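Reading through the structure tokens given below for one structure.
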Amino acid sequence: MAPPKAEVNPFLLPGWESSPLRPLCPWERPEDEGYYVPINHTAEAYEEFTAQMGALRWLDSGGRLTLVTGDSGCGKTSLVNRCVGWLLRALQERYQRGVVVDLSLGPKTRQSVDERMAGVCALLFDRLLQEKVLDGERAAALRERLAQPERFYRYLAGELPDEVVLVVLLPATDLVDEVVSYAHLAGRKTLFFTESSYLDERHAHLVRQGTAKVPIPPVALRVGSLRTGDVARFAADRLGRHDRGHFPTMSATTVRSMAGPLRSIAMLQRVLSGVYEDRKNRGDRYSDTDEITFADITEYFYDRFLRDPGTAP
Numbered sequence: 001m002a003p004p005k006a007e008v009n010p011f012l013l014p015g016w017e018s019s020p021l022r023p024l025c026p027w028e029r030p031e032d033e034g035y036y037v038p039i040n041h042t043a044e045a046y047e048e049f050t051a052q053m054g055a056l057r058w059l060d061s062g063g064r065l066t067l068v069t070g071d072s073g074c075g076k077t078s079l080v081n082r083c084v085g086w087l088l089r090a091l092q093e094r095y096q097r098g099v100v101v102d103l104s105l106g107p108k109t110r111q112s113v114d115e116r117m118a119g120v121c122a123l124l125f126d127r128l129l130q131e132k133v134l135d136g137e138r139a140a141a142l143r144e145r146l147a148q149p150e151r152f153y154r155y156l157a158g159e160l161p162d163e164v165v166l167v168v169l170l171p172a173t174d175l176v177d178e179v180v181s182y183a184h185l186a187g188r189k190t191l192f193f194t195e196s197s198y199l200d201e202r203h204a205h206l207v208r209q210g211t212a213k214v215p216i217p218p219v220a221l222r223v224g225s226l227r228t229g230d231v232a233r234f235a236a237d238r239l240g241r242h243d244r245g246h247f248p249t250m251s252a253t254t255v256r257s258m259a260g261p262l263r264s265i266a267m268l269q270r271v272l273s274g275v276y277e278d279r280k281n282r283g284d285r286y287s288d289t290d291e292i293t294f295a296d297i298t299e300y301f302y303d304r305f306l307r308d309p310g311t312a313p
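Residues 1 to 313, numbered by full-length UniProt numbering, are exactly what the sequence shown covers, in order.
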């Protein structure tokens, strides 16, 4: 006899109940791939990425930068992670091994561009040693070039093992010059990813101008605010997973009512995961026949955010 289903929060990922805003990351946790929902332009951006990557034959002669832009909380990191997951699968089909080096929490923006880029070289060097991508002789030669990113990446491109493709997740940046520099530095079998909450369409022409002579141009993806129907699509996906356990439902009227005030996926996720968790922790009215109403959501939003504006999502 199967054990009874537990009460679960449908807006929290299994095993990550204490991290409601954790970005999806299928390259690290393959099960996350099934939780993507086609909202706020992320599906179109992902399709654009895979189309521009193609069969990856160009990797034998050069590298590439991918830049993802959009307002804070719009799903940039989850999109980057999905693109990286696709890359790793595509590389396997080419009998190559993608080595992902996540430096997204690396040097901060208060440093100069040169300092940040040199800091990334040092962090990348350490990780390549940990991953045993480089042997002692190659490592010694790279160590001498840490303070000079152009020399560092040029040398690195020629020293990667034949089967290895380097996938580097760079710190977020708000500087066109830094984006352009990395586009030029992406050498053979080296793929850079970065994101920005500041750079937008106004800066796109500057990036294009600065990378006009790059043999393999960067990929520019943009995500945006929630569109009409996005809240309903997201809620339907999460509330449709009844195999996970028991939880209250929401009516179509409630979903439509909350669509207006919630403009980003982070805000939507934070509010819905929070209101369900609040109800579950009370130990009251949490069966499949119970309901979360718009009044419940409004009360939760007011209590948690509007009384203390510093905590607003």
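Where a beta carbon is used, it is the ideal one built from N, C-alpha and C, also for glycine. Since the structure is predicted, the reported quantities are computational estimates derived from the model, not experimental observations.
Whose CA, out of the options, lies closest to the CA of residue i?
{"i": "residue 83", "options": "132, 108, 54", "result": "54"}
{"i": "residue 79", "options": "40, 268, 113", "result": "40"}
{"i": "residue 108", "options": "212, 119, 202", "result": "119"}
{"i": "residue 100", "options": "88, 94, 111, 110", "result": "88"}
{"i": "residue 34", "options": "256, 234, 296", "result": "234"}
{"i": "residue 328", "options": "288, 297, 251, 246", "result": "With the chain covering 1 to 313 only, the question about residue 328 has no answer from this structure."}
{"i": "residue 161", "options": "128, 169, 140", "result": "128"}
{"i": "residue 74", "options": "264, 289, 63", "result": "264"}
{"i": "residue 218", "options": "93, 166, 194", "result": "194"}
{"i": "residue 91", "options": "282, 290, 190", "result": "190"}
Please work out which residues of its chain come closer than 7 angstroms, Cβ to Cβ, to residue i, disregarding the five sequence neighbours upstream and downstream, and give them in chain order.
{"i": "residue 280", "result": "7, 9, 286"}
{"i": "residue 23", "result": "77, 78, 81"}
{"i": "residue 58", "result": "216"}
{"i": "residue 131", "result": "99"}
{"i": "residue 46", "result": "79, 82, 83"}
{"i": "residue 155", "result": "141, 142, 145"}
{"i": "residue 241", "result": "10"}
{"i": "residue 255", "result": "231, 232, 235"}
{"i": "residue 36", "result": "24, 82"}
With distances taken between CB atoms, is the gap from residue i to residue j smaller than 9 angstroms?
{"i": "residue 207", "j": "residue 68", "result": "no"}
{"i": "residue 20", "j": "residue 273", "result": "yes"}
{"i": "residue 173", "j": "residue 116", "result": "yes"}
{"i": "residue 138", "j": "residue 157", "result": "no"}
{"i": "residue 292", "j": "residue 302", "result": "no"}
{"i": "residue 181", "j": "residue 149", "result": "yes"}
{"i": "residue 266", "j": "residue 231", "result": "no"}
{"i": "residue 123", "j": "residue 103", "result": "yes"}
{"i": "residue 171", "j": "residue 105", "result": "yes"}
{"i": "residue 178", "j": "residue 113", "result": "yes"}
{"i": "residue 278", "j": "residue 249", "result": "no"}
{"i": "residue 48", "j": "residue 199", "result": "no"}
{"i": "residue 167", "j": "residue 96", "result": "no"}
{"i": "residue 63", "j": "residue 192", "result": "yes"}
{"i": "residue 214", "j": "residue 183", "result": "yes"}
{"i": "residue 94", "j": "residue 56", "result": "yes"}
Using the Cβ count rule (16 or more neighbours within 10 Å means buried), how would you classify residue i?
{"i": "residue 238", "result": "buried"}
{"i": "residue 14", "result": "exposed"}
{"i": "residue 226", "result": "buried"}
{"i": "residue 144", "result": "exposed"}
{"i": "residue 269", "result": "buried"}
{"i": "residue 126", "result": "exposed"}
{"i": "residue 228", "result": "exposed"}
{"i": "residue 70", "result": "buried"}
{"i": "residue 290", "result": "exposed"}
Cutting at 6 angstroms between CB atoms, please list the residues of its own chain near residue i, excluding the five before and the five after it.
{"i": "residue 85", "result": "26, 27"}
{"i": "residue 153", "result": "185, 187"}
{"i": "residue 257", "result": "294"}
{"i": "residue 32", "result": "24, 25, 26"}
Quick one: residues in its chain with C-beta nearer than 8 angstroms to the C-beta of residue i, no 5 flanking neighbours on either side, listed in chain order?
{"i": "residue 147", "result": "118, 121"}
{"i": "residue 271", "result": "258, 262, 297, 300, 301, 313"}
{"i": "residue 111", "result": "119"}
{"i": "residue 176", "result": "199, 203, 206, 207, 210"}
{"i": "residue 246", "result": "5, 6, 7, 8, 286, 287, 288"}
Segments of 3+ residues assigned as beta strand (DSSP E) that fall wholly inside the region 150-213: 164-169, 190-196
If you scan the region 223-258 from start to end, which runs of the alpha helix (DSSP H) of 4 or more residues do you find wholly inside it? 230-239
Run through the region 46-121 for me and flag every whole alpha helix (DSSP H) of 4 or more residues, listed as ranges in chain order. 76-93
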